[in-house]
Amino acid sequence: MRIGIITHNYPNKKGDRQNAGIFVYDIAHALKKLGHEIFVLCPGQGEADEIPVTWFGGVGSGQKMGNLKPYNPFDLIMFLRMVFSGLRATDKFVSENKVDFIVGMWAFPAGIFALWAKLRHKVPYCLWALGSDVYVYARYPVLGWVIKRALFGANFLLADGIDLAKKASEIAERKCEFLPSASQLSHKSKPAREKKGPLRFVFLGRMEPVKGADVLIDAVSKIADLDFEVHCMGDGSLLPGLKERVSDLSLGKKVFFYGNVSDPEVIYTNLSFSDWLVIPSRSDSIPLVFSEGTKAGLPMIVAEVGDMVELVKDYKVGLSFPKENSKKLAEILRDVIVKGRVETEKYRDSVSKVAQLFDVNSSAEKLAKMIKREK
0 MRIGIITHNY PNKKGDRQNA GIFVYDIAHA LKKLGHEIFV LCPGQGEADE IPVTWFGGVG
60 SGQKMGNLKP YNPFDLIMFL RMVFSGLRAT DKFVSENKVD FIVGMWAFPA GIFALWAKLR
120 HKVPYCLWAL GSDVYVYARY PVLGWVIKRA LFGANFLLAD GIDLAKKASE IAERKCEFLP
180 SASQLSHKSK PAREKKGPLR FVFLGRMEPV KGADVLIDAV SKIADLDFEV HCMGDGSLLP
240 GLKERVSDLS LGKKVFFYGN VSDPEVIYTN LSFSDWLVIP SRSDSIPLVF SEGTKAGLPM
300 IVAEVGDMVE LVKDYKVGLS FPKENSKKLA EILRDVIVKG RVETEKYRDS VSKVAQLFDV
360 NSSAEKLAKM IKREK
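Under numbering that gives the first Met the number 0, residues 0 to 374 are what the sequence shown spells out, in order.
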């Protein structure tokens, strides 16, 4: 089958794994391995890939759609320009590639283009809600109506979070199924080395307020008397300030920043060398790093947002703290440091079981079966 994936987030060069576009990349390649012909439509510009990507005019050089504010007139103009460019690109994309079915990754803005393709070319589509589309954009009056229309017109709906699926169902007034997102993170059967020395915590994510790296550093500053290491992978607007703060606190021998890390082997090696994964997000559903952590065998310390707290509690894969509460996070960090690696061992079997649930190939197989039922 010829499947078109429409998204606003796709790696613009091979090996770039610094944001949510890596999941779109991995699901596209997983579908291709199942024998389907895959085509991708995305705003922006990028290098050639094994899968054909049609790039069209985005929201501006260096800009990300997630940073736009619909109530800002200048941002609104850039956004509308991207939408009209996308509608024209969708017509050409569907016709030239003879697309049989469309998968819209994020209900917005991909939902607009998928609905357009269905109305204009009678191409069926599904939408996969991935967080910001439902949690953020659906709250705006006009955009909310557009998203509801796109969700309603889809042949079926998916969401990568349990709570997200419920909220999408409420908006669309129809069923939305939970299908986890996951990445094709390279991993081995055992950690790369025996874990020894100070207990090691790892953070993997964008250095932006929503991901809560500053909350982690605040917590670390409260336990400076203990022996531990914190390794942070990711880039973003908070990074310069966090580096400066760590330096001011004389924590340079405990906290290490790597910036953007795109090599999956390097990411996995850093994860596997660690003892705990910390996810201090202010807002999230089930971030990709959750599944990546389970593949590396790591128990987690997560903020109580989205589905993470239920997953940690139900599957017994770690601990949780109230979001933005650096004091409580510091207490948890202190407790696990004092207890040492004996504490991490008790989570090993549970983490291994959850890793099997969050598998990109399994998600691709389920998606392919759903698409087949519609054709």
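Positions of the beta carbon are idealized from the N, C-alpha and C atoms, including for glycine.
- Residue range 140-152 is occupied by the alpha helix (DSSP H) that includes Phe151, with no beta strand (DSSP E) assigned at that position.
- For Glu36, there is no enclosing alpha helix (DSSP H); the residue is part of the beta strand (DSSP E) that begins and ends at 36-42.
- Taken through DSSP and simplified to helix, strand or coil, Ser319 comes out as strand.
- Annotated three-state conformation of Gly45 is coil, per DSSP.
- Straight through space, the alpha carbons of Val353 and Arg347 are spaced by roughly 10 Å.
- Secondary structure of Met206 (DSSP, three-state): coil.
- Among the bridge pairs identified by DSSP, Met232 is matched with Leu203, Gly258.
- The criterion of a C-beta distance shorter than 8 Å is not satisfied by Leu163 and Ala137.
- Distances from the CA of Thr89 to each of Trp105, Gly339, Trp54 were compared; the closest alpha carbon is that of Trp54.
- Per DSSP, Trp127 is one residue of the beta strand (DSSP E) stretching across 124-128.
- Short of 6 Å from the beta carbon of Pro279, and not among the five residues preceding or following it, lie these beta carbons of its own chain, in chain order: Gly211, Val214, Leu215, Ala302.
- The alpha carbon of Asp262 has as its nearest neighbour, out of Leu203, Phe78, Ser319, Ile300, the alpha carbon of Leu203.
- The closest CA to that of Phe38, considering only Gln44, Glu46, His28, is found on His28.
- If you compare the alpha carbons of Ala295, Ser84, Val304, Lys371 with that of Ser182, the shortest gap goes to Ala295.
- Under the criterion of beta carbons closer than 8 Å, Leu150 and Leu126 qualify as touching, at roughly 6 Å.
- In its chain, beyond the 5 residues on either side, Phe200, Val219, Val254 have a beta carbon closer than 6 Å to the beta carbon of Val229.
- Look at Arg244 here: in three-state DSSP terms it is helix.
- Taking C-alpha positions only, Lys91 is separated from Phe73 by approximately 28 Å.
- The Cβ neighbour count for Asn269, taken over all protein chains shown within 10 Å, is at least 16; the residue is labelled buried.
- Around the C-beta of Leu332, 16 or more other C-beta atoms lie within 10 Å, and the residue is accordingly described as buried.
- In this structure, Gly317 sits near Val311, with a CB-CB distance shorter than 8 Å.
- In this model, Ile4 and Pro51 are separated by some 11 Å (Cα to Cα).
- Under the DSSP assignment, Phe112 falls in the alpha helix (DSSP H) whose first and last residues are 109-120.
- In the DSSP assignment, Val350 falls within the alpha helix (DSSP H) that extends over 347-356.
- Leu237 is classed as buried because its beta carbon has at least 16 other beta carbons within 10 Å across all chains shown.
- Contact check for Tyr124 against Ala153 passes: the beta carbons are separated by less than 8 Å.
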